[in-house]
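Presented below is the structure to which this report refers.
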DNA sequence: ATATGTGCAAACTGTTTGCAGCCGC
DNA sequence: GCGGCTGCAAACAGTTTGCACATAT
């Protein structure tokens, strides 16, 4: 995934492909661990000395509105971001503090939402102990 | 549900039944609309002139730890509270801003969590348009 | 040329914490 | 009397906003 590709993805989603937005999106694509805004800020500001928090938030909001990024609200008081917009669930391990993806069968998902309600998005969050941590 | 019952519920869950904790729990039981801490604060401080935010938060945290109340994180940056601790999902309507409960079949729920992972809690959040709002 | 994006600082919101006073066993 | 609870104020974290400057078409 090279820079040029990313910029054309942004463009095709109606997002002006600025350097900063491309960097934020590139970071999310190459670090699919659901980072927080602060994590992205620290990583990018280390790489590019001038990269403000404001711009991170601005870029993330633009990417979310464009449908390229989804917000993961599995931890209260701190948003995490995910460039994988396919249907999937999230599992937060309380021991290792990682957020894991897991698949959700499409037909199960559609059966969950109550009749008459029109969902725009669905978030499925589990919290507990992950596979690795429960072995120890 | 009278006060005496509530205090005995608190006691049986290892929570010292102070007046304030009972009021908070009573409010949640009688207002099953998933209020925020601020909503509870405004309601109770109107009824009882001295009722600090600190105490609301303290009481809520104690109730959550005791397993009597669950946190609903469907709206970023603001926790909502629910005295219904049975398994159920939440639907946030973007038009009327209400949070609705809906049932989840037990077997569907157990099929969602990936093998090897030990869930402690599960939150299923839908966001969209509710039954009433989509009719208009 | 003009609209849009960036970045600093400051504001804001929801929540937590420190600490003094109070209450109930 | 003592441990725990309350409540004020202040701190705190994450996020948003106001505004001046920079940038790109």
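Chains as they are written, first to last, in my numbering: chain A, 875 to 1010; chain B, 875 to 1010. Where a beta carbon is used, it is the ideal one built from N, C-alpha and C, also for glycine. All values derive from a computational prediction rather than experimental measurement.
Is the CB-CB distance between residue 974 (chain B) and residue 1008 (chain A) below 9 angstroms? Stepping through the second chain from its first residue, residue 974 (chain B) is reached at position 100. Stepping through the first chain from its first residue, residue 1008 (chain A) is reached at position 134. Not in contact: residue 974 (chain B) and residue 1008 (chain A) (Cβ atoms no closer than 9 angstroms).
With DSSP collapsed to three states, give me the class of residue 900 (chain B). Counting from 1 along the second chain, the entry for residue 900 (chain B) is found at position 26. DSSP places residue 900 (chain B) in helix when its eight states are reduced to three.
Among A:947, A:946, A:909, which residue has its Cα nearest to the Cα of residue 930 (chain A)? For the purposes of this step, residue 930 (chain A) is taken as residue 56 along the first chain, with counting starting at 1. Ranked by how close their Cα comes to the Cα of residue 930 (chain A), the residues A:947, A:946, A:909 have A:909 in first place.
Check whether the stretch 976–988 of chain B and the stretch 977–985 of chain A touch, using three or more Cβ-Cβ pairs below 8 angstroms as the test. Taking 8 angstroms as the limit for Cβ pairs, the verdict is that the stretch 977–985 of chain A does touch the stretch 976–988 of chain B.
Got a sec: is the Cβ-Cβ distance from residue 893 (chain A) to anything in chain B below 9 angstroms? Within the first chain, residue 893 (chain A) is the residue found at index 19, counting from 1. No, residue 893 (chain A) does not count as interfacial toward chain B.
Distance between residue 887 (chain B) and residue 880 (chain A) (C-alpha atoms, nearest Å): Working through the first chain from its first residue, we reach residue 880 (chain A) at position 6. Working through the second chain from its first residue, we reach residue 887 (chain B) at position 13. Counting only the Cα atoms, residue 887 (chain B) lies some 54 angstroms from residue 880 (chain A).
Using the C-alpha atoms, what's the distance from residue 951 (chain A) back to residue 891 (chain B)? Here the question's residue 891 (chain B) lines up with position 17 in the second chain. Here the question's residue 951 (chain A) lines up with position 77 in the first chain. Straight-line measurement puts the Cα of residue 951 (chain A) at about 29 angstroms from the Cα of residue 891 (chain B).
Below 7 angstroms between beta carbons is the criterion; list the residues of the stretch 980–992 of chain A that meet it against any residue of chain B, in chain order. Those residues of the stretch 980–992 of chain A that come within reach of chain B (Cβ to Cβ, closer than 7 angstroms) are 982, 985, 986, 987, 988, 990, 991, 992.
Consider the Cβ of residue 950 (chain B): report whether some Cβ of chain A lies at a distance smaller than 9 angstroms. Position 76 of the second chain, counted from the first residue, corresponds to residue 950 (chain B). Judged by the 9 angstroms Cβ criterion, residue 950 (chain B) is in contact with chain A.
In the structure shown, what three-state DSSP assignment does residue 990 (chain B) receive? Position 116 of the second chain holds residue 990 (chain B). Under the three-state reduction of DSSP output, residue 990 (chain B) falls in the coil class, being neither helix nor strand.
Here's a check: name, in chain order, each residue in its chain whose Cβ is nearer than 8 angstroms to the Cβ of residue 895 (chain B), leaving out the five neighbours to either side. Translated into the one-based positions of the second chain, residue 895 (chain B) becomes position 21. These residues qualify, in order along the chain: 884, 889, 933, 936, 937.
Nearest by alpha-carbon distance to residue 928 (chain A): which of A:917, A:999, A:911 is it? The residue labelled residue 928 (chain A) in the question sits at position 54 within the first chain. The option with the nearest alpha carbon to residue 928 (chain A) is A:911.
Going by C-alpha distance, which of A:947, A:899, A:906 is nearest residue 918 (chain A)? The residue you call residue 918 (chain A) lines up with position 44 of the first chain. For the residues A:947, A:899, A:906, the minimum Cα distance to residue 918 (chain A) belongs to A:899.
Label residue 946 (chain B) either buried or exposed according to how many other C-beta atoms from any shown protein chain fall within 10 Å of its C-beta, with 16 as the threshold for buried. As a first step, residue 946 (chain B) must be located in the second chain, where it is residue number 72. Note on residue 946 (chain B): 16 or more other CB atoms within 10 angstroms of its CB, so buried under the neighbour-count rule.
Show which residues of chain B have a CB atom less than 7 angstroms away from the CB atom of residue 1005 (chain A). Reading the first chain from its first residue, position 131 is the one you call residue 1005 (chain A). Residues of chain B with a Cβ closer than 7 angstroms to the Cβ of residue 1005 (chain A) are, in chain order, 990, 991.
Closer than 9 angstroms at the beta carbon, the chain B residues around residue 994 (chain A): The count along the first chain starts at 1 and reaches residue 994 (chain A) at position 120. Within 9 angstroms Cβ-Cβ: 968, 1000, 1001, 1002, 1003.
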